[in-house]
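When the count follows the numbering used here, it moves up by one through the sequence shown with no breaks and lands on 355 for the last residue.
Glycine included, every Cβ here is placed at the ideal spot set by N, Cα and C.
Data first, discussion second: the structure below is written as structure tokens.
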Amino acid sequence: MAEGDSIRRLATRLHTTFAGAPVLDSEYRRGGEVPVRFAGDTLTEVAAVGKHLLMRFASGRTLHSHLRMQGSWRTHRPAWRPRPVADRLGAWLDLGERGVLAAHDMPVLEVVATTREHTVIGHLGPDILAADWAERIGEAVANVAAAPDLPIRQALMDQRNLCGIGNLWAVESLFIGGIHPYARSGAIDIAATLDRAHRMMLLGLRNATQSTTGDLRRGRTHWVYGRYRRPCLRCGTPVAFRAAGADPYDRETWWCPHCQSTRRQV
Ligand SMILES: [Zn+2]
Numbered sequence: 090m091a092e093g094d095s096i097r098r099l100a101t102r103l104h105t106t107f108a109g110a111p112v113l114d115s116e117y118r119r120g121g122e123v124p125v126r127f128a129g130d131t132l133t134e135v136a137a138v139g140k141h142l143l144m145r146f147a148s149g150r151t152l153h154s155h156l157r158m159q160g161s162w163r164t165h166r167p168a169w170r171p172r173p174v175a176d177r178l179g180a181w182l183d184l185g186e187r188g189v190l191a192a193h194d195m196p197v198l199e200v201v202a203t204t205r206e207h208t209v210i211g212h213l214g215p216d217i218l219a220a221d222w223a224e225r226i227g228e229a230v231a232n233v234a235a236a237p238d239l240p241i242r243q244a245l246m247d248q249r250n251l252c253g254i255g256n257l258w259a260v261e262s263l264f265i266g267g268i269h270p271y272a273r274s275g276a277i278d279i280a281a282t283l284d285r286a287h288r289m290m291l292l293g294l295r296n297a298t299q300s301t302t303g304d305l306r307r308g309r310t311h312w313v314y315g316r317y318r319r320p321c322l323r324c325g326t327p328v329a330f331r332a333a334g335a336d337p338y339d340r341e342t343w344w345c346p347h348c349q350s351t352r353r354q355v
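Okay, structure coming up:
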């Protein structure tokens, strides 16, 4: 799942492998846009902000990407080239002996001046996995509290409130907190809810896993996420589900009607 933790792991891996590498050759094509050349430039840094990936170059350019559900950055052997009828490949960078880095099926890919990265990530709230989270959690709490009637799960997913958290971590952290996903933000302890999600994601990042149960067996990795009608792993009650709504942040949701009681919080 391309959530803040997996994007951060990807950024760290790409940075470790490729930072400082000169670009020998490249291709970048996006619909009718003018092709951008990276050959002769140097990839200096790969960083993550929320679910956004930023590749910075010595020339002062940033290649910004967002994987959403389907995109991926893959490392290919040195001198690899895509076949002429490649899948929806957006860009590749030949980084010499370290390999060729290629964007596959990337829904968001654009080049901006590094000094203007705010135009693509400036709308994001505090990053739940960034080093400054402890200093900025108050800002994130205030953002969520500003819309007290919004369901907490939707508020968690709105990247303008806080960024990096995805549906998996929102659903599972609300389960751990015993909070109904449709509880009004104003009716719950927002700071405790954000802190819980932060601690769970940090643990997932450090352990390189998105299992929230600590169990890695198939079908046992999550308490309620993806478990519609199957028994809650804590109490056995069939897990409830609601499909995504019209709002882009109103994603599909799972919860346990017993462990996340509506009576207490809604
Ligand atoms: Zn339960």
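| query | result |
| --- | --- |
| In whole angstroms, give me the CA-to-CA distance for T105 and T133. | 11 Å |
| How close, in whole Å, do the beta carbons of N256 and M246 come, if the pair is a contact with beta carbons under 8 Å? | 7 Å |
| Might you give, ordered along the chain, the residues of its own chain that have their beta carbon closer than 6 Å to the beta carbon of A136, omitting 5 neighbours on each side? | A100 and L143 |
| Look up D216 in the DSSP assignment and give the residues it is bridged to. | C252 |
| With distances taken between CB atoms, is the gap from I241 to P270 smaller than 8 Å? | yes |
| For M195 and H155, I'd like the C-alpha separation in whole angstroms. | 7 Å |
| Specify the secondary structure class of R163 as computed by DSSP and reduced to three states. | strand |
| Taking one C-beta from the segment 204-220 and one from the segment 184-195 each time, how about it: are there three or more such pairs within less than 8 Å? | no |
| Nearest to V197 by alpha carbon, out of S274, G267 and Y117? | Y117 |
| So W258 and A286 are in contact, right, with Cβ under 8 Å, and what is the actual spacing, rounded? | 6 Å |
| Tell me whether the beta-carbon of V112 lies closer than 8 Å to the beta-carbon of L184. | yes |
| Thinking C-alpha only, which one of L239, G303 and Y314 is nearest I279? | L239 |
| Once you ignore the five residues that flank G325 on each side, which residues in its own chain have a CB closer than 8 Å to its CB? | none |
| Name the two residues that bound the continuous beta strand (DSSP E) containing A137. | T131 to V138 |
| Which residues bound the alpha helix (DSSP H) around A207? | The sequence shown places His at residue 207, rather than the Ala named in the question. Taken as a continuous stretch (DSSP letters only), the alpha helix (DSSP H) holding H207 covers H207 to I210. |
| Taking only three categories from DSSP, how would you classify A329? | strand |
| Which first and last residues belong to the alpha helix (DSSP H) in which V230 is found? | W222 to A234 |
| Out of curiosity, what's the CA-to-CA distance linking G266 and V260? | 10 Å |
| In the DSSP output, what is Y317 paired with across the bridge? | V328 |
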